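Chains as they are written, first to last, in the numbering used here: chain B, 5 to 309; chain Z, 589 to 668.
Taking it in order: structure first as structure tokens, then the write-up.
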Amino acid sequence: MDFPISHIHAHPLYLIVIGFIIGVLGGFFGVGGSFLAGPALRLIGMPWNFAVGTDLAHIVGKSIVAARKHRALGNIDVKLGAIMALGTIAGAETGAQAIQALKRHGNLNIVVSIVSIVVYLSISGFMGWDTIRTLRASRGRPAPKDADEKADETSFSHVTARIQRFRLRPMISLPTSGVASISVWLIVAVSFVGGVFSGFLGGGAGYIRMPSMVYLLGIPTHLAVGTDLFEIIISAGYSTFSHAMKGNVDILVALVMHTGAAVGAQIGAILTQYFRGPKIRLAFVPLPLLGAAIVIYTLISGHKL
Amino acid sequence: MSEKSHLLKSFLIETAVYAVLVAAYFFLVLHFMSGWLASLFDRSNKGVYATVALLLMIAQGVVLEVTTTALLRFIRRRTE
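So, in structure tokens, the structure goes:
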């Protein structure tokens with residue numbers, strides 16, 4: 005099938021399957037999935053600028069579907085998501101400026117590649133270490149009752165509690181997430197850093213934001229997944245519009261991908277109900293590793309995926 | 589039938605109906621709008637293209653799910 009906007013030829017089934025896989029991952033982990041979608045679009049010959057913009061457009065649609073499902077399951081903290089969206093947008097602009105500065109110095113690829121490898125490996129390593137410790141500590145304890153299923157625990161909670169004691173006004177409460185009092189600046193800072201990585205490395209940077217929400221802000225994993233998706237709708241919507249204005253979005257390709265992603269996102273969102281927080285985090289560990297593997301491959305082979 | 593399997597069955601039916609609607613939506617957009625979207629993209633005013641692109645994604649995400657829910661509610665009411 006020919007796509008007249010980006011002038012590529014691709015089998016719709018390929019795009020639907022890619023969309024479906026990313027949809028399931030997105031609905032389950034609260035990530036955009038650009039580390040997979042970008043290379044998948046590049047593989048069929050889509051120019052780099054179109055791959056980034058089209059991926060973002062499909063992320064918007066998929067996140068809407070998954071977020072609506074998570075909302076029905078009570079997994080979204082709207083107040084937290086709205087504040088985070090502001091920080092993410094500001095951070096994404098900063099990240100994009102950093103990219104422009106690196107472009108001027110001519111060492112963009114190597115810096116972005118090394119930063120992304122370090123970030124991906126650090127997230128994977130830390131989450132794997134923490135989750136295994138958490139699961140070992142909870143072994144032998146009775147399983148929580150239905151009402152407590154979303155209550156979460158990490159071996160890092162003593163540090164999270166210390167972070168939450170940072171009291172720079174204005175302070176807000178997040179009753180949906182079970183946080184009695186937290187500084188708005190802390191939320192903005194966490195989302196800003198996620199946004200910087202989003203602008204710097206591309207995609208929605210959910211692989212940074214979701215763990216940050218759990219470990220730094222003390223949000224239960226289920227709520228971090230749902231709220232991250234809600235937040236992605238706003239930030240990716242903004243980025244999609246910006247990329248479409250620059251002529252980087254093939255909406256027809258995005259719609260085909262979303263045909264699979266919409267169904268996958270529903271399945272992923274429902275699946276979260278069958279797993280407790282530490283298990284979701286443990287399953288998350290291979291994702292950044294996959295991202296790191298793709299970047300290492302591009303560095304070694306010289307093929308930009 | 590246990591509550592869990594009942595929920596799973598409802599979810600599978602909902603997903604199947606939704607999948608059909610999403611696919612139909614895509615083919616409708618492809619059939620009726622692909623030429624228009626391509627010419628809109630080629631024209632200099634990218635603002636209109638950006639707005640339409642975003643609206644199409646939102647429609648696929650929101651309207652279809654609302655339609656699925658309404659359709660299933662209607663079917664359930666007729667069968668009960």
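Glycine is no exception: its CB is placed at the ideal position from the N, C-alpha and C atoms.
Computed from a prediction, not measured in an experiment: that's the story for all the values here.
Compare the C-alpha of residue i against each of the options and name the closest.
i	options	result
Ile238 (chain B)	B:Val123, B:Thr164, B:Ile68	B:Ile68
Lys283 (chain B)	B:Arg140, B:Ser126, B:Leu256	B:Arg140
Gly268 (chain B)	Z:Ala641, Z:Phe599, Z:Gly623, Z:Val651	Z:Phe599
Leu259 (chain B)	Z:Arg631, Z:Val654, Z:Ala647, Z:Glu653	Z:Ala647
Phe32 (chain B)	B:Thr302, B:Ala184, B:Phe279, B:Ile298	B:Phe279
Val123 (chain B)	B:Lys73, B:Tyr211, B:Arg166, B:Leu286	B:Tyr211
Asp59 (chain B)	B:Leu40, B:Gly129, B:Ala100	B:Leu40
Trp189 (chain B)	B:Ala248, B:Ser202, B:Ile167	B:Ile167
Pro174 (chain B)	B:Gly57, B:Ile136, B:Ile300, B:Ile191	B:Ile191
Leu642 (chain Z)	B:Ala266, B:Gly208, B:Ala240, B:Gly110	B:Ala240
Gly34 (chain B)	B:Ala105, B:Gly207, B:Pro179	B:Gly207
Ala165 (chain B)	B:Ile186, B:Leu178, B:Pro179, B:Ile236	B:Ile186
Arg213 (chain B)	B:Val197, B:Ile93, B:Leu205	B:Val197
Please confirm if residue i has its CB atom under 8 Å from at least one CB of chain Z.
i	result
Gly241 (chain B)	yes
Thr263 (chain B)	yes
Leu19 (chain B)	no
Arg72 (chain B)	yes
Phe245 (chain B)	yes
Gly34 (chain B)	no
Ala258 (chain B)	yes
Pro215 (chain B)	no
Pro51 (chain B)	no
Ile9 (chain B)	yes
Val253 (chain B)	yes
Val82 (chain B)	no
Met175 (chain B)	no
Ala41 (chain B)	no
Ala86 (chain B)	no
Gly65 (chain B)	yes
Taking 8 Å as the threshold (C-beta atoms), are residue j and residue i in contact?
i	j	result
Gly95 (chain B)	Gly199 (chain B)	yes
Val617 (chain Z)	Thr656 (chain Z)	no
Ile22 (chain B)	Ala44 (chain B)	yes
Leu29 (chain B)	Gln277 (chain B)	no
Gly36 (chain B)	Val289 (chain B)	no
Thr225 (chain B)	Leu84 (chain B)	no
His63 (chain B)	Ile12 (chain B)	Sequence check: residue 63 (chain B) is Ile here, not His. Contact: no.
Pro16 (chain B)	Ile127 (chain B)	no
Leu660 (chain Z)	Ile601 (chain Z)	yes
His74 (chain B)	Ala273 (chain B)	yes
Leu1 (chain B)	Asn79 (chain B)	Chain B is shown from 5 up to 309; residue 1 (chain B) falls before or after that span and cannot be answered.
Leu220 (chain B)	Val194 (chain B)	yes
Ala55 (chain B)	Gly42 (chain B)	yes
Val253 (chain B)	Leu19 (chain B)	no
Thr302 (chain B)	Val218 (chain B)	no
Gly57 (chain B)	His262 (chain B)	no
Ala265 (chain B)	Phe24 (chain B)	yes
Val229 (chain B)	Ile121 (chain B)	no
Does any C-beta atom of chain B lie closer than 8 Å to the C-beta of residue i?
i	result
Val617 (chain Z)	yes
Ser622 (chain Z)	yes
Val651 (chain Z)	no
Ala658 (chain Z)	no
Lys634 (chain Z)	yes
Ser655 (chain Z)	Note that residue 655 (chain Z) is Thr in the sequence shown here, rather than Ser. Cβ-Cβ to chain B under 8 Å: no for Thr655 (chain Z).
Phe662 (chain Z)	no
Asn610 (chain Z)	It should be noted that the sequence gives Val, not Asn, for residue 610 (chain Z). Yes - at least one Cβ of chain B is within 8 Å of the one on Val610 (chain Z).
Ile601 (chain Z)	no
Just grab the DSSP bridge partners of residue i for me.
i	result
Phe7 (chain B)	B:Ile12
Leu178 (chain B)	B:Val183
Using a Cβ cut-off of 7 Å, pull out every chain D residue sitting near residue i, in sequence order please.
i	result
Thr231 (chain B)	In the displayed structure, chain D is absent; the protein chains listed are B and Z.
Checklist line | Unbroken stretches of the alpha helix (DSSP H), 4 residues or longer, contained in the region 254-303 of chain B | finding: Listed in chain order, they are 255-275, 281-288.
Checklist line | Sequence ranges, beta strand (DSSP E) only - wholly within the region 30-66 of chain B, length at least 3 | finding: Positions of the beta strand (DSSP E) runs, each at least 3 residues long and wholly inside the region 30-66 of chain B, cannot be given because no such run exists.
Next item on the list: Only counting runs of 3 or more residues, tell me where the beta strand (DSSP E) segments fall wholly within the region 596-662 of chain Z, in order along the chain.
Entry: The region 596-662 of chain Z contains no whole beta strand (DSSP E) run of 3 or more residues.
Check: What residue ranges within the region 162-240 of chain B form continuous beta strand (DSSP E) runs of no fewer than 3 residues, ordered along the chain?
Finding: Qualifying beta strand (DSSP E) stretches, in chain order: 175-178, 183-187.
Checklist line | Ordered list of beta strand (DSSP E) runs contained in the region 67-122 of chain B, each at least 3 residues | finding: Entirely contained in the region 67-122 of chain B, not one beta strand (DSSP E) run reaches 3 residues.
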